Amino acid sequence: MKRSMEKALIRKDIRAITANRRLLAALWIVPLVMTILLPTILICVIAFAPLESDELQSLATLLPANLSAAELRGTVADLIFNSMLPLFFLMIPIMAASVMAASSFVGEKEKRTLETLLLSPMSLRQIFYAKILAAFLLSMAVSLLSFAAMLFVAEAESFFLMEHFILPSVNWIVLLLLVSPAVSLLAITLIVQGSAKAQTVEEAQQRGAFLVLPVIILAAAQFSGLLLLSIWILLIFGILCAAVAVWMMRRSYRHFTYETLLK
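Residues 1 to 263 (my numbering) make up the sequence shown, in order.
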């Protein structure tokens, strides 16, 4: 019975987001920018920028010599798609998690349903993990759909503008299957913990927005050449995030009490 109630709570939380136009719009703004607008701008720059431009020449130094103009543009597109976009893509699970997780407990407070939820047969532990799982599932769904949209748009634009198909590297597999879930789980745990103490959804979302700053710093380092993204960096980063996420989840639950939620 309790297992069915957990599933019902997960479905209720997901429906609460998808039925709210304001939250649903916030859930898709960042993915649309990261997966449609940004790749389109980059591909258009690569397709139409003069080969003598400083930007293309600096990237050309990282590529094999004696490439034709078409090969150079296509290879640069592959390099940017596989080395620079993955870090920006990490913002998607964080922002998706912040929208869902921020409204987990504070949303119950605003709707005056928290007391009813706490009086249900489910334990506080089950409620806590059900809230995290609901946000995690929605975050992963948004991430996977965003990647599919980005890959379709990037491939279509690259083919029509440069007659070149972009070849996704193994970095994307590590990102989607390890790094993105780990980062999402870490962000959700921190935001749910803050949601229990926040008084409004906006307050909880503002706390979650600060989690994007490390990704922005990494992306800036990537573009400046201070950090070159590789599969080993992604693996180490993903494993560290997963370990910290599990530790934070267990630590957060120890401080999760009825008194904290009802304040």
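Every residue gets a Cβ at the ideal spot worked out from N, C-alpha and C, and that includes glycine. Every value quoted in this text rests on a predicted model; they were computed, and no experiment measured them.
Between the region 78-86 and the region 9-16, the count of C-beta pairs closer than 8 angstroms stays below three; the two stretches do not touch. In the DSSP assignment, Pro31 falls within the alpha helix (DSSP H) that extends over 21-32.
Judged by beta-carbon spacing, Met34 lies beyond the 8 angstroms limit of Ile94, meaning their Cβ atoms are not closer than that value.
Scanning its chain for C-beta atoms nearer than 8 angstroms, with the 5 sequence neighbours on each side dropped, one finds around Trp172 the residues Asn82, Pro86, Phe147, in chain order. Scanning Tyr129, Leu119, Ala134, Ala47 for the CA closest to the CA of Ile17 turns up Ala134. Of all C-beta pairs linking the region 148-161 to the region 113-123, fewer than three are shorter than 8 angstroms, placing the two stretches out of contact. Contact between Met249 and Thr189 holds: CB atoms are separated by about 5 angstroms, below the 8 angstroms threshold. If you draw a straight line from the Cα of Ala47 to the Cα of Arg73, it is about 7 angstroms long. Taking 8 angstroms as the cut-off, the beta carbon of Ser184 is found closer than this to the beta carbon of Ser139. The Cβ atoms of Phe237 and Val170 lie no closer than 8 angstroms to each other.
Taking 8 angstroms as the cut-off, the Cβ atoms of Ile43 and Ser158 count as close. With 16 or more other Cβ atoms from the protein chains shown falling within 10 Å of its own Cβ, Ile127 counts as buried. Of the other Cβ atoms in all chains shown, fewer than 16 fall within 10 Å of the Cβ of Ile231; this residue is therefore exposed. Taking C-beta atoms as the reference points, Val142 and Ala96 count as a pair closer than 8 angstroms. The alpha-carbon of Glu6 is positioned some 28 angstroms away from that of Pro31. Annotation: Leu117 to Ala19 spans about 20 angstroms, alpha carbon to alpha carbon. Taking the CA atoms as reference points, Ala8 sits about 16 angstroms from Arg125. Cα atoms of Thr40 and Leu24: separation of roughly 23 angstroms, rounded to the nearest angstrom.
The beta carbon of Ala26 is closer than 6 angstroms to those of Val99 in its chain, skipping five residues each way along the sequence.
Listed in chain order, the non-local C-beta contacts of Met162 below 6 angstroms within the same chain comprise Ala47, Arg73, Gly74, local neighbours out to five positions each way being set aside. In the displayed model, Arg15 falls within a helix according to three-state DSSP. Using a 10 angstroms sphere on the CB of Ile191, the tally of other CB atoms reaches 16 or more, which defines it as buried.
Taking the Cα positions, Ala130 is about 22 angstroms away from Leu176.
Non-local C-beta neighbours of Val174 in its own chain, meaning closer than 7 angstroms and more than five positions away in sequence, comprise Ile231, Leu234, Leu235, Gly238, ordered along the chain. Closest in alpha carbon position to Ile36, among Pro50, Leu145, Phe136, Leu137, is Leu145.
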